[in-house]
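Peer 1: Sharing a structure with you now.
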Amino acid sequence: MPEFDVIELGASPHPEQGAEAPDFTRPLVTNDYWTDRSLSELLVDGPVLLVFYPMNWGGKSIYLWNELSDRGWGDEVQVVGVSIGTPFDHGRFIEARGMDYPLFSDPANGVAEQFGIAHDLDGMAGIEEPRPAVFLIDSDGRIEYAWVAEEWPETPPYEEIENAL
Amino acid sequence: MSSEAPILLYRLHGCPYCERVVRTIKDLDVDYESRFVPGEHSRRNAVKRVSGGRSVPVLVDRDRGVTMAESANIVDYLERTYGGS
């Protein structure tokens, strides 16, 4: 097996467990339509598992959403994605993958900036996206659990997240 | 996912008839929520569910239980309902 080095991203200045999650408003895309929604509006309905993920259609995003769908976490918490796709792109991704979870559209990566997890993509000039990251946010807006990738690419620790739910 | 705005507007990105309705809503200073749907009629089930058709714009006035299509009708309705005397 050939040796290769994973890319170390190092620590990120993201909000830790116990901190207040930054609020934001972005178009929230479902299979039906998109409309501006804030994180605080979603929290009125209960805790949110906020999943920052790499661009739609890449293997990382497909495996991640397959895994999250299989685990059925939507029964316990509002599972919501955030990535840089436009609303149209998110809509097609949701449709093609048969997803049950809505996706925030954040093409300028500003939400990732707010959470301290922006990731400049090598070889794609002018494009950045979030690091893979998962935040469990309780209905008071406090972060109950946080995981942020420190390598690229890195797969979320699904068992650990499931235990946090 | 809920919103409190009394007016829901189903619209398309870059649809002049929708923009005309938005201009009227803004002129009248009414609180509203935009719901953008895809361009293809086949992907507009959300519109079909509320209005029975697939054309946009569609306005839903939740306080008054009114759902209507056709931008000229919508503009008339808004001015009649929310325009000052």
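Heads up: the protein sequence lines correspond to chains A and B, in order.
Sequential numbering from 489 applies to the first sequence in our numbering.
Sequential numbering from 40 applies to the second sequence in our numbering.
Where a beta carbon is used, it is the ideal one built from N, C-alpha and C, also for glycine.
Here the structure is a predicted model, which means the values were calculated and not measured.
1) So that I know if they touch, is there some Cβ in chain A lying closer than 7 Å to that of VAL76 of chain B?
2) Using DSSP with H/G/I as helix, E/B as strand and the rest coil, what is TRP545 of chain A?
3) Would you say GLU616 of chain A and MET543 of chain A are within 7 Å of each other, going by their C-beta atoms?
4) If you compare alpha carbons, which of B:GLY122, B:SER94, B:ARG119 is closest to LEU48 of chain B?
5) With 16 other CB atoms within 10 Å as the buried threshold, where does VAL105 of chain B fall?
6) For SER90 of chain B, does the count of other Cβ atoms within 10 angstroms reach 16, so buried, or fall short, so exposed?
7) Taking only beta-carbon positions, decide if GLU118 of chain B is within less than 7 Å of chain A.
8) Going by beta carbon distance, what residues of the same chain come within less than 6 Å of HIS502 of chain A, once the five residues before and after it are set aside?
9) Thinking just about the alpha-carbon of each residue, which of A:GLY498, A:ASP524, A:GLU508 is nearest to the one in GLU632 of chain A?
10) Relative to chain B, which residues along the region 558 to 586 of chain A have a C-beta separation below 8 Å, given in chain order?
11) Mind checking if ALA44 of chain B is an interface residue toward chain A, Cβ cutoff 7 Å exclusive?
12) Check distances from the C-beta atoms of the region 57 to 81 of chain B to those of chain A and list, in chain order, the residues that come in under 7 Å.
13) May I ask you to list the residues that DSSP assigns as paired with SER593 of chain A?
14) Tell me which residue opens and which closes the alpha helix (DSSP H) that LEU67 of chain B is part of.
15) Looking at chain B, which residues of the region 506 to 523 of chain A have a Cβ within less than 7 Å of any of its Cβ atoms?
16) Do three or more CB pairs link the region 557 to 574 of chain A to the region 57 to 67 of chain B at distances below 8 Å?
17) Three-state secondary structure (DSSP) at MET40 of chain B?
18) Take the Cβ of TYR71 of chain B as the centre, count every other Cβ of all protein chains shown within 10 Å, and call the residue buried at 16 or more, exposed below.
19) Measuring alpha carbon to alpha carbon, tell me which residue in A:ARG514, A:GLY611, A:LEU530 is nearest THR523 of chain A.
Peer 2: Let me spell this out:
1) yes
2) coil
3) no
4) B:SER94
5) exposed
6) buried
7) no
8) PHE603, GLY604, ILE605, VAL636
9) A:GLU508
10) PRO575, PHE576, GLY579, GLU583
11) no
12) GLU72, SER73, ARG74, PHE75, VAL76, PRO77
13) A:SER571
14) 55 to 67
15) ASP520, TYR521, TRP522, THR523
16) no
17) Residue placement at MET40 of chain B cannot be trusted, given a pLDDT of 46 that sits under 50; the coordinates are not used to answer.
18) buried
19) A:ARG514
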